[in-house]
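**Student:**
2 protein chains.
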Amino acid sequence: MIKKLYDAIENKNAPIVVGLDPNLKFVPESIKEKAYKEKGETLEGAAKAIWKFNKKLIDNIYDLIPAVKPQSAMYEQYGLPGLKAYKKTIDYCHEKGLIVIGDIKRGDIGSTSEAYAAGHIGKVAVGSSSYMPFNEDMATVNPYLGSDGVLPFIKVCKENDRGIFVLVKTSNPSSGEFQDRIIDGKPLYEHVAGKVEEWGSDNLEGNYSNVGAVVGATYPEQGETLRKLMPHTFILVPGYGAQGATGKDLAGFFDDNKNGAIVNSSRGIIAAHTKEPYKDRYGEDAFADAARAAVLDMIKDINGSIGR
Amino acid sequence: MIKKLYDAIENKNAPIVVGLDPNLKFVPESIKEKAYKEKGETLEGAAKAIWKFNKKLIDNIYDLIPAVKPQSAMYEQYGLPGLKAYKKTIDYCHEKGLIVIGDIKRGDIGSTSEAYAAGHIGKVAVGSSSYMPFNEDMATVNPYLGSDGVLPFIKVCKENDRGIFVLVKTSNPSSGEFQDRIIDGKPLYEHVAGKVEEWGSDNLEGNYSNVGAVVGATYPEQGETLRKLMPHTFILVPGYGAQGATGKDLAGFFDDNKNGAIVNSSRGIIAAHTKEPYKDRYGEDAFADAARAAVLDMIKDINGSIGR
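So the sequence lines, in the order shown, correspond to chains L and H.
Just so you know, the working numbering puts 3 at position 3 of the first sequence, and the rest follows in order with no gaps.
Adding 1000 to a residue's 1-based position in the second sequence gives its number in the working numbering.
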């Protein structure tokens, strides 16, 4: 799977992923009105609105980008109808040839991680049949429970040619509270990074393994260190745009071929129509055009900064 | 909410919670056959089988216990139909007067944790209406992202009289890999424990706060230390039964009133019919009777061990 992601970045010349984290706050009124008229001001109505919003976005940007990263929380908050929209979004992105990274941040004891892995990036058996319930290509995983919470995901990756990104150093302001604490002379996130390299060591496809890492763009120095500490680990980089990071922060996350990392922007793209410089140029109903402009600007910013 | 849990334990004289983690492997053939006949060997068929299994279990044990802990992974692995069974299980447990602890182990950056909290233990707005999508009473939360991943859950707890249990020291074999690492002279899990007390300090209901902790029964010494370090923190204790811990390991998790902790057993109860001493006494179709006997034995074991 990681080779597929690497190649898709080359083909599109765009080491970026768009976070599909829809929020009713920035779904245009016209879409909401239509959805509520049909389904009422219900969870079904909300789910219909975010699906219609996603579809229009995807249709307008899929040719520019290698991958999308839907955030499960944004769908789960609308209950079962929301999760139906999550699944529909995944399937539609596959139709458009996009790699789907499910930002699910799951992680549990062994037998439970097995179930999450099966449901999201693997298969479940029912009698003599088997199904791929959510069918993401890759998923994010929380390492707090240690190896036996992560290894079941890796097993499923091997069986189904999938990949994961383990949280190493997250992009949020308080990520240092535990992740930066010093253990035997180095921060916890470097210990997690060491494990990620180890977990990936027999999952290589070319230089990179199917066990990637999440490292926040908001911590560029740590990103540079982690790039060196994890030479076989592909890095998923959240925190660009709305969370504050820009292209100049990102060179250190990439390898010598200007690949090996993929930068995510969510609100910076899908809510571009609510913020300058796009707000003035595009009306609310042109949100998908604003998103396309924001994607093009992001590619230019990042490729410029990393010398791609 | 924590007062409600404390009182329910007193009323039932049972500091135990049953983990509703159904797996098709131990759902009786007769239930599966009927479900597959109706819905086929499909995700819908699997979901129907686990719902029927859960319902019969709940009907047979609800009078003995204060709470249940459905594990979201076991439902999520069957996709949308599985999650429909999760929701149905929660609603049915509420009908039976049980407190529902959603074992979801979510945790993300602030804005995303807000969405998880709203979806599971809070409300979401759609137009001028609002909904409680999953409607668990309490939920488990992963602390790896630090305060800003946890505080949105606590805000929602306050607004809706709900509670959370933050992972401090988990029950699995590799939990020590990161959680036991020494930082400034004490293990990471004690640092997390300190934060849990702090987060709970303005969420008290009597002696305990609505911010609880998960501490594995498989680590009794750590449990005893953590009980002292977190005097206002209610402890959810997984790892009893199938994971290896027994009543004698548990005294240190409780307070002087023999409350302040609740011990979970999942497979030890709901799959009792597959294991001795229940397997011989109860046939597969008497799984709910086997579960009732296992609940009674567990209550006796724990109450005996803690001197309740």
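Positions of the beta carbon are idealized from the N, C-alpha and C atoms, including for glycine.
1. Give me the residue from L:P22, L:L250 and L:K52 with the minimum Cα distance to Q222 of chain L.
2. Going along chain B, which residues have a C-beta under 7 Å from E41 of chain L?
3. Can you tell me where the alpha helix (DSSP H) with I121 of chain L in it begins and where it stops?
4. Take T42 of chain L as the anchor and find which of L:S72, L:L80 and L:M74 has the nearest alpha-carbon.
5. Where in the region 1190-1272 of chain H do unbroken runs of the alpha helix (DSSP H), each at least 4 residues long, occur, reported from the N-terminal end onward?
6. Buried or exposed: L1296 of chain H, going by 16 or more other Cβ atoms within 10 Å of its Cβ?
7. Is V1156 of chain H close to chain L, meaning its C-beta is less than 8 Å from at least one C-beta of that chain?
8. Could you give the distance in angstroms between the alpha-carbon of T274 of chain L and the alpha-carbon of P28 of chain L?
9. Considering just the uninterrupted stretch of the alpha helix (DSSP H) at R281 of chain L, what are its terminal residues?
10. According to DSSP, is L5 of chain L helix, strand or coil?
11. Under the assumption that S265 of chain L contacts I16 of chain L (Cβ atoms under 8 Å), give the Cβ distance between them as a whole number of angstroms.
12. Pull up the distance between the alpha-carbon of T112 of chain L and that of K279 of chain L, whole angstroms please.
13. Of the residues H:C1093, H:A1049, H:I1009 and H:E1076, which one's Cα is nearest the Cα of Y1309 of chain H?
14. For chain L, is any of its Cβ atoms less than 8 Å away from the one on L1229 of chain H?
15. Could you confirm whether any beta carbon from chain H is found closer than 8 Å to the beta carbon of R181 of chain L?
16. Counting Cβ pairs closer than 8 Å, one from the region 24-40 of chain L and one from the region 195-202 of chain L, do we hit at least three?
17. Where D108 of chain L and A1272 of chain H are concerned, what is the direct C-alpha to C-alpha distance, given to the nearest angstrom?
18. Using 10 angstroms around the beta-carbon of S128 of chain L, count the other beta-carbons present and answer buried if the total reaches 16, otherwise exposed.
19. Verify the CB distance criterion: does P70 of chain L have a CB-CB separation below 8 Å to chain H?
20. Since S1130 of chain H is in the beta strand (DSSP E), which residue starts that stretch and which ends it?
21. So, are the CB atoms of A1288 of chain H and N1060 of chain H less than 8 Å apart?
22. Can you tell me the Cα-Cα spacing of M230 of chain L and K1004 of chain H, whole angstroms?
23. Looking at chain L, is there any beta carbon in it that lies within less than 8 Å of the beta carbon of F1234 of chain H?
24. Which same chain residues, not among the five before or five after R267 of chain L, have their C-beta less than 6 Å away from its C-beta?
25. Quick one: what does DSSP say P1022 of chain H is sitting in, helix, strand or coil?
26. Taking C-beta pairs closer than 8 Å, name the residues in chain L that A1309 of chain H reaches, listed in chain order.
27. Counting only Cβ pairs nearer than 7 Å, list the residues of chain L close to P1022 of chain H.
28. Is the number of C-beta pairs between the region 1130-1138 of chain H and the region 1093-1103 of chain H that are closer than 8 Å three or more?
29. Scan the region 69-92 of chain L for residues whose Cβ lies nearer than 8 Å to a Cβ of chain H and list them as they occur along the chain.
30. Secondary structure at R106 of chain L, three-state DSSP: helix, strand or coil?
31. Answer yes or no: does any C-beta atom of chain H fall closer than 8 Å to that of E29 of chain L?
32. Can a CB atom of chain L be found closer than 8 Å to the CB of H1094 of chain H?
33. Out of L:D7, L:M1 and L:I58, state which residue places its alpha-carbon closest to the alpha-carbon of A290 of chain L.
34. Checking the sheet assignment: what are the DSSP bridge partners for M138 of chain L?
35. Any beta-carbon of chain L closer than 8 Å to the one on T1274 of chain H?
36. Does the separation of the CB atoms of A261 of chain L and L226 of chain L fall below 8 Å?
**Tutor:** The answer reads as follows:
1. On the first sequence, residue 222 of chain L is found 222 positions in, with the first residue counted as 1. Here the closest residue by C-alpha is L:L250.
2. Looking for chain B here will not work: the only protein chains present are L and H.
3. Translated into positions along the first sequence, residue 121 of chain L becomes position 121. Residues G110 to I121.
4. By one-based count along the first sequence, residue 42 of chain L stands at place 42. Distance from the Cα of T42 of chain L is smallest, within the candidate group L:S72, L:L80 and L:M74, for L:L80.
5. Runs of the alpha helix (DSSP H) inside the region 1190-1272 of chain H: 1220-1229 and 1267-1270.
6. Here residue 1296 of chain H is taken as the residue at index 296 of the second sequence, counted from 1. L1296 of chain H comes out exposed.
7. Counted from its first residue, the second sequence places residue 1156 of chain H at position 156. Answer no: the Cβ-Cβ gap between V1156 of chain H and chain L never drops below 8 Å.
8. In the first sequence, residue 274 of chain L corresponds to position 274, counting from 1. In the first sequence, residue 28 of chain L corresponds to position 28, counting from 1. In this structure, the alpha-carbon of T274 of chain L lies about 10 Å from that of P28 of chain L.
9. Within the first sequence, the letter at position 281 stands for residue 281 of chain L. R281 of chain L -> alpha helix (DSSP H) spans Y278 to R281.
10. The residue you call residue 5 of chain L lines up with position 5 of the first sequence. Helix at L5 of chain L.
11. Residue mapping note: residue 265 of chain L aligns to position 265 of the first sequence, counting from 1. Residue mapping note: residue 16 of chain L aligns to position 16 of the first sequence, counting from 1. Sure, about 7 Å apart at Cβ, within 8 Å.
12. Within the first sequence, residue 112 of chain L is the residue found at index 112, counting from 1. Within the first sequence, residue 279 of chain L is the residue found at index 279, counting from 1. Here the alpha carbon of T112 of chain L sits roughly 44 Å from the alpha carbon of K279 of chain L.
13. No information on residue 1309 of chain H is available, as it lies outside the stretch 1001 to 1308 that chain H covers here.
14. As a first step, residue 1229 of chain H is located in the second sequence; it is residue number 229 there, counting from the start. Cβ-Cβ to chain L under 8 Å: no for L1229 of chain H.
15. Residue mapping note: residue 181 of chain L aligns to position 181 of the first sequence, counting from 1. For R181 of chain L, the nearest CB of chain H lies under 8 Å from its own CB, placing it at the interface with that chain.
16. Short answer: they don't touch.
17. The sequence position of residue 108 of chain L within the first sequence is 108, counting from 1. The sequence position of residue 1272 of chain H within the second sequence is 272, counting from 1. Using only the alpha carbons, I get a separation of about 23 Å.
18. Indexing the first sequence from 1 puts residue 128 of chain L at position 128. Per the 10 Å Cβ criterion, exposed.
19. To locate residue 70 of chain L, count along the first sequence from 1; it is residue 70. With 8 Å as the cut-off, P70 of chain L does not count as an interface residue toward chain H.
20. The residue given as residue 1130 of chain H occupies position 130 in the second sequence. Per DSSP, S1130 of chain H belongs to the beta strand (DSSP E) from S1129 to Y1131.
21. Taking the first residue of the second sequence as position 1, residue 1288 of chain H is located at position 288. Taking the first residue of the second sequence as position 1, residue 1060 of chain H is located at position 60. A Cβ-Cβ contact shorter than 8 Å links A1288 of chain H with N1060 of chain H.
22. Translated into positions along the first sequence, residue 230 of chain L becomes position 230. Translated into positions along the second sequence, residue 1004 of chain H becomes position 4. Their Cα atoms are separated by approximately 48 Å.
23. The residue given as residue 1234 of chain H occupies position 234 in the second sequence. It does not: the Cβ of F1234 of chain H has no partner Cβ on chain L nearer than 8 Å.
24. By one-based count along the first sequence, residue 267 of chain L stands at place 267. Result list for R267 of chain L: A242, in chain order.
25. Within the second sequence, residue 1022 of chain H is the residue found at index 22, counting from 1. DSSP, reduced to helix, strand and coil, places P1022 of chain H outside both helices and strands of the structure shown, so it counts as coil.
26. The question about residue 1309 of chain H has no answer here: the residues shown for chain H are numbered 1001 through 1308.
27. As a first step, residue 1022 of chain H must be located in the second sequence, where it is residue number 22. None at all; the shortest Cβ gap to chain L is about 10 Å.
28. Yes, the region 1130-1138 of chain H touches the region 1093-1103 of chain H.
29. Cβ contacts with chain H come from Q71, A73, M74, E76, Q77, Y78, G79, L80, G82, L83, K84 and K87.
30. Residue 106 of chain L sits at position 106 when you count from the first residue of the first sequence. Three-state result, R106 of chain L: strand.
31. Counting from one through the first sequence, the residue named residue 29 of chain L turns up at place 29. It does not; no Cβ of chain H falls within 8 Å.
32. To locate residue 1094 of chain H, count along the second sequence from 1; it is residue 94. Between H1094 of chain H and chain L, the shortest Cβ-Cβ separation is not below 8 Å.
33. Residue 290 of chain L sits at position 290 when you count from the first residue of the first sequence. Comparing Cα positions, the closest option is L:I58.
34. Numbered from its first residue, the first sequence carries residue 138 of chain L at position 138. Assignment of beta-bridge partners to M138 of chain L by DSSP yields L:I101 and L:G163.
35. Translated into positions along the second sequence, residue 1274 of chain H becomes position 274. Chain L, which has no Cβ nearer than 8 Å to the Cβ of T1274 of chain H, makes this no.
36. Walking along the first sequence from the start, residue 261 of chain L turns up at place 261. Walking along the first sequence from the start, residue 226 of chain L turns up at place 226. Not in contact: A261 of chain L and L226 of chain L (Cβ atoms no closer than 8 Å).
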